[in-house]
Amino acid sequence: MMITDPVADLLTRIRNANMANLDTVEAPVSRLKASIAKVLKEEGFIKNVRLVRADNKHYLRIYLRNEGGEKAITGIRRESKPGLRRYVGVNEIPRVLNGAGIVILSTPQGVMTGRDAKKNRVGGELICSVW
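Residue 0 is where the sequence shown starts when you use numbering that gives the first Met the number 0, and the numbers rise one by one after that.
(1) For Gly100, I'd like the list of residues in its chain whose CB is within less than 7 Å of its CB, leaving aside the five on either flank, ordered along the chain.
(2) Reducing DSSP to helix, strand and coil, say where Asn134 ends up.
(3) Give a yes or no on contact between the segment 61–69 and the segment 79–90, applying the rule of three or more CB pairs nearer than 8 Å.
(4) Where do the ends of the beta strand (DSSP E) carrying Ser105 lie?
(5) Would you mind giving the Cβ-Cβ distance between Val121 and Pro107, rounded to the nearest angstrom? I have them listed as a contact below 8 Å.
(6) Between Gly74 and Val6, what straight-line distance do the alpha-carbon atoms span, to the nearest angstrom?
(7) Just reading off the beta strand (DSSP E) that Glu124 is part of, what are its end residues?
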């Protein structure tokens, strides 16, 4: 099965596992997906992320943060899609829920949050919003 949007697949796996109250979720690995998971970990939305090898294939194992019935991720949405890429300049980076959430961007300096992109004065492709 060919996946046309691997990032949307990762976000959907995280969203579904979160709604099902699972502790972990696995997804095929790529550099972009690993960078997105790293940003989610740094921002406290997930506990940990590990690279796992099984059956000669590499996977990202993402440990979700569901402590005491409280979910760290209440919503996650893909912003830029393969059919409609969404690029933003440094002054156009949106805020999510008045700063309660984050946006993740792919910039020339790497994958980072909207806050870090503003700090570094760089724009890029708007990957997703998380709250």
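Built from N, CA and C at the ideal position, the CB exists for glycine as well.
So, to answer that:
(1) Numbered from its first residue, the sequence shown carries residue 100 at position 101. The beta carbon of Gly100 is closer than 7 Å to those of Ser128, Val129 and Trp130 in its chain, skipping five residues each way along the sequence.
(2) Beyond the ends of the chain as shown, which are 0 and 130, falls residue 134; an answer cannot be given.
(3) Contact between the segment 61–69 and the segment 79–90 is absent: fewer than 3 CB-CB pairs across the two stretches fall below 8 Å.
(4) In the sequence shown, residue 105 corresponds to position 106, counting from 1. Start and end: Ile101 to Thr106.
(5) Against the sequence shown, residue 121 aligns to sequence position 122. Against the sequence shown, residue 107 aligns to sequence position 108. Going by Cβ atoms, the distance from Val121 to Pro107 rounds to 6 Å, so yes, they are a contact pair.
(6) Within the sequence shown, residue 74 is the residue found at index 75, counting from 1. Within the sequence shown, residue 6 is the residue found at index 7, counting from 1. CA-CA distance, Gly74 to Val6, rounds to 15 Å.
(7) Locating residue 124 in the sequence shown gives position 125, where the first residue counts as 1. From DSSP, the beta strand (DSSP E) with Glu124 extends over Gly123 to Val129.
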